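Trainee: If you count the sequence shown from 1, position 182 lands on 993 in the working numbering, and the numbers rise without skipping. Where a beta carbon is used, it is the ideal one built from N, C-alpha and C, also for glycine. Given the structure is predicted, the values throughout are model-derived calculations rather than measurements. Please see the structure below; I have some questions.
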Amino acid sequence: MDVFANSAALAALLLSGQAPQQQTPAAPQPVACLAVPGAGVDALMARIAPADQAVTEVFAGVGASDITDHQLTPAERALVREVLAGLPQLHRDILHHHLRRLNFLDLQPGSGSALTRVVNPGDASLQFDITLKASLLHDSLTDFLNTKEQRLFVDDGSGFSIGFDAGDSDALTYILLHETSHVVDQVLQLTASPANRFGAGIWEDPRILAMPHADSLAARTPFRRHPPVPGRHAPAYYQSLSNSPFVSFYATAAASEDLAEAFAWEQLHTSQGQRLTLTVRDSEGLPLFAYAPLETEPARRRFAQVQTFIAQYEQACRVASSRMRSGLPSADETTGGRL
Ligand SMILES: [Zn+2]
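Pasting the structure below:
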C-alpha cells in the first residue's frame, strides 16, 4: 500500500517527524576508569586472529559465499593500527578487557559487512569477537554509505537518486567506531538499562520507538521492517530524518544501533572533522533536497551528550592516574565504580 495516497496523511507524517525543541539531555553517570596500565594498541593488534566457524556461519546465513580468512598485508595492518589508536580512550580501554578476537574475512558479499558477537553470553565478563569484511579495508566511506542506503529505495521510474558525500574518508574508521561502540554499550549496559539516558524520549525499550518518532517517515524504512521506499518519496523521507534525533535511517533500527551511530558519527565529526552531505536529485540530476546529517540541531544535541560522556570518562582516568601516582585509593574504591 502506498502510504502517500493521501496528501493530508503525508503532511501529518512529516509534522509528526519533527522533534520538539529541547535541551541537550543529560549524559549517563560517569564510568570509573578501566585503563590497563601499559596496555597499548599493540595489545589490541595481537587480538587479530582467524574467525570462529560460528562467525563464518553467520555471514553465510545472510548470503555471503567463498568465505576465507584474510591475511592482512603490512599496509593493511598499519591502517588497522592507526584506526584502533584513534578510537576514544573509553573504547580502547573496554576493548582491552573485552575484545577476544578481531577477524577479517574475504568473501563474496551477502547482506552483512560487519559483526560484533558475544562469545560467552551470560558470563560476568563478556568477551566479544568483531568480524569485518576485508574489502572494508579499502572502501571509501562515501561508497560504503551509498551502497548501504541504496537498499532502502526501489526504482519507481521517477529517476530520483540519492547520494552521500563524505569526502575522501575511509570506511574502516566509521565501521570500527560503530562496532566497538556496540561493545561499549553492552559492557556498560547503556541501552539495556531501563534508564537509558541516550534514548530518553526516543526509545520506549531497546526496540520500540517512543512517540512521535514511531510515527515519523524516518521510521518507515526496511531498517524497521517496512518495504523499500519508492524513489519519488526520498525527499520527504530525508526531510523527516533531518528533523529527527536520528543521525541516519540505520539508527532507527534499534536503540543499540542508534547509540552506535551517535557515538561513531560524533567522534568522526567532532574529533576528526568529518563532513557529510546527502543530496536527493531528480532524473535530470538537479538537487531536490540536501542536508548535512551531522549538523542538524537534533544531531548536535545527541553529539553533545556523547561528548560529555566520553569527556567524563577521560577525566575519571586522569584523576585515577594522578591518585595512583600519589598513592591514594583508586576511584573504584572511593566511588563504587560499576566495574
Ligand atoms: Zn550496528
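Below 9 Å between beta carbons: does that hold for Pro841 and Phe1074?
Mentor: no
Trainee: Quick check: Gly978 and Arg1092, are their CB atoms within less than 9 Å of each other?
Mentor: Arg1092 is positioned such that its CB atom lies no closer than 9 Å to that of Gly978.
Trainee: Cβ-heavy atom distance between Pro993 and ligand 1 below 8 Å?
Mentor: Per the sequence shown, residue 993 should be read as His rather than Pro. Answer for His993: yes, Cβ within range of ligand 1.
Trainee: With DSSP run on the structure shown, which of helix, strand or coil describes Gly1042?
Mentor: helix
Trainee: Once the 5 residues before and after Asp904 are set aside, which same chain residues still bring their CB inside 6 Å of it?
Mentor: Leu845 and Ala846
Trainee: Would you mind sorting Thr879 into buried or exposed? The rule is 16 or more other CB atoms within 10 Å of its CB.
Mentor: By the 10 Å Cβ count, Thr879 comes out exposed.
Trainee: Would you say the beta carbon of Ser1067 comes nearer than 8 Å to a heavy atom of ligand 1?
Mentor: yes
Trainee: Looking at C-alpha atoms only, which residue of Ser1094, Gly1096 and Thr1107 is the closest neighbour of Leu1087?
Mentor: Thr1107
Trainee: By Cβ distance below 6 Å, which residues in the same chain neighbour Ala925 in space, the five residues on each side in sequence not counted?
Mentor: Leu943, Ile986 and Glu990
Trainee: Please look up how many angstroms separate the CB atoms of Phe939 and Thr927, rounded, as I've assumed it's under 8 Å.
Mentor: 6 Å
Trainee: Excluding the 5 residues flanking Gln1116 on each side, which residues of the same chain have their C-beta closer than 7 Å to its C-beta?
Mentor: Thr835, Pro836, Ala838 and Phe1009
Trainee: Within the same chain, show all residues whose beta-carbon is closer than 6 Å to that of Ala1110, passing over the 5 residues directly before and after it, in chain order.
Mentor: Val1058
Trainee: What residue range is occupied by the uninterrupted alpha helix (DSSP H) comprising Ile1121?
Mentor: Run containing Ile1121: Glu1108 to Ser1137, per the alpha helix (DSSP H) assignment.
Trainee: With hydrogens ignored, establish whether the beta-carbon of Glu1095 is closer than 8 Å to any heavy atom of ligand 1.
Mentor: no
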